[in-house]
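Shown next, in structure tokens, is the structure this report addresses.
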Amino acid sequence: MGDFKFKFYGRVRADVFYNTRANNETVDGLFYSYPKDHDYDPDGKDLNATPQGSMYMLYTRLGVDIAGPKVGDAVATAKIEIDFRGSGTSYSVPRIRHAYVNLDWGKNAMLIGQTWHPLFGEVSPSMLNLSTGAPFQPFNRSPQLRYRYTSGGGFMGTLATIWQMQYTSQGPDGKSHNYLKNSCIPEIYASVDYKKGRWIAGVGGELLSLKPRQSATVDGVTYKVNERVTSVSVEAHVKYKTPDWFISGKTLLANNLTHCSMLGGYGVIETNSHNGEMKYTPFRHSMTWLNFVYGKKWQPGFFIGYFKNLGTGKAITGPTYGTGLDVDQLLSTNWQISYNLPNWKLGFEFEPSTAWYGTLNLKDGHVRDTHSVTNYRFLAVAMYIF
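The sequence shown begins at 16 in our numbering and counts up by one.
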């Protein structure tokens with residue numbers, strides 16, 4: 016077809032999992048996050064202490080890489096990739112994973128379209144679980160404009176403006192892309208990386224500014240309001256890769272990254288008595304993970320992730336909006352083994368996860384009087400890759 020070249024690829028993937036209790040999750044349990052808190056009935060029985068398990072093929076995927084004619088001096092490439100995860104509560108239907116065009120001038124490159132959020136980045140865990148380290152690792156694919164500059168000395172700078180589509184922020188109306196759409200300010204990300212040999216290391220920062228509400232009602236009267244909650248998150252990452260070893264890690268000081276499959280949110284700190292307009296402050300959280308994988312044909316691996324609620328630093332006087340705001344700490348380990356052949360991957364994972372729940376202290380946003388809840392997850396995966 017003219018000067019275009021196409022390369023089709025994909026995989027048929029089957030996931031079988033078993034959990035010892037109910038969990039916070041999406042995609043009917045395929046995308047696993049952390050265990051739910053105790054929920055006792057009048058007889059003292061925990062309603063969430065219920066084992067669960069199933070088998071799904073939803074992450075079977077199909078994609079095509081496209082190389083097209085040059086645009087001036089720029090090499091033009093594109094990618095379109097779908098799976099069958101659906102969105103919202105509609106699963107088993109096609110969904111866009113990636114859809115973008117990339118223009119590469121050598122040192123300069125511009126990407127236009129949907130792909131991995133820059134916070135997911137080039138440093139992410141190598142594991143079988145579809146959550147890929149979330150909620151310790153940001154997980155998000157979004158529409159974006161991303162510019163990259165690569166120097167001759169191994170340094171690479173990234174600047175991106177990002178919008179929301181499938182992965183959205185929490186707010187007064189639940190999860191929605193409207194908070195960012197009404198803001199008229201895209202999410203902004205910037206980073207600097209250094210690549211040398213088998214190493215990559217870097218730091219990045221993210222700015223998110225949302226408008227939670229457009230109007231408020233006081234004593235039966237509706238007023239137009241101008242509200243905004245702005246947050247800044249920073250991260251550092253490192254990866255070392257050889258033919259046998261894969262070692263990586265990332266740490267984040269995160270503020271309101273609920274659109275990245277993470278815990279967080281914001282709360283009201285002031286309310287105007289006349290028109291109901293509110294001021295907000297984001298919750299601060301720390302997330303850190305490490306990942307080790309060794310081998311080629313047989314690949315054992317280990318992942319550990321830790322999360323800590325750092326509070327708000329300000330007194331909360333009204334509602335809170337977010338995910339997991341009653342969680343003080345999370346600790347997950349993941350033990351995996353996979354057997355790899357040409358076009359085939361068979362694997363098994365065991366993942367104990369413990370969440371420490373408690374009472375949200377409105378004076379500072381910390382969680383007090385905690386107790387622990389643990390889930391044990393078993394996962395088996397079979398993939399045919401082409």
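Cβ atoms here follow ideal geometry from the backbone N, Cα and C, with glycine treated the same way.
Residues of the same chain with a CB within less than 7 Å of the CB of Asp88, apart from the 5 flanking positions on each side, are Trp120 in chain order.
Each residue's CA atom was taken as its position, placing Ile127 and Lys94 some 11 Å apart. Straight-line spacing of the CA atoms in Thr35 and Lys60 works out to 15 Å. By the neighbour-count definition (other C-beta atoms within 10 Å, threshold 16), Tyr194 is a buried residue. With respect to Ile284, Leu305 sits apart: the two C-beta atoms are not nearer than 7 Å. One Cα belongs to Asp379, the other to Met277, and the distance between them is close to 20 Å. Note that the stretch 49 to 60 does not touch the stretch 16 to 33; fewer than 3 beta-carbon pairs, one per stretch, sit closer than 8 Å. Boundaries of the beta strand (DSSP E) around Tyr162: Arg156 to Thr165. Cβ contact annotation for Gly169 (same chain, cutoff 7 Å, sequence separation greater than five): Tyr209, Lys210 and Lys211, in chain order. Within the model, the alpha-carbon separation for Ala395 versus Asn349 is close to 13 Å. Comparing alpha-carbon positions, the option among Leu222, Ser263, Glu292 and Val249 lying closest to Thr232 turns out to be Glu292. Contact annotation, Gly282 with Leu225: C-beta distance approximately 13 Å; criterion of less than 8 Å not satisfied. Within the same chain, and ignoring the five residues on either side of Phe261 in sequence, the residues whose Cβ sits closer than 6 Å to its Cβ are Ser141 and Val308. In the structure shown, His274 falls within a helical segment according to DSSP collapsed to helix, strand and coil. For the set Asn355, Leu346 and Val31, the Cα lying nearest the Cα of Tyr399 is the one of Asn355. In the pairwise beta carbon analysis, the stretch 310 to 317 is classified as not touching the stretch 367 to 377: fewer than three pairs are separated by under 8 Å. With respect to Asn155, Cys275 sits close: the two C-beta atoms are nearer than 7 Å. Straight-line spacing of the CA atoms in Val90 and Gln351 works out to 39 Å.
In the DSSP assignment, Leu195 falls within the alpha helix (DSSP H) that extends over Asn193 to Ser198. Gly189 counts as exposed, since fewer than 16 other beta carbons sit within 10 angstroms of its beta carbon.
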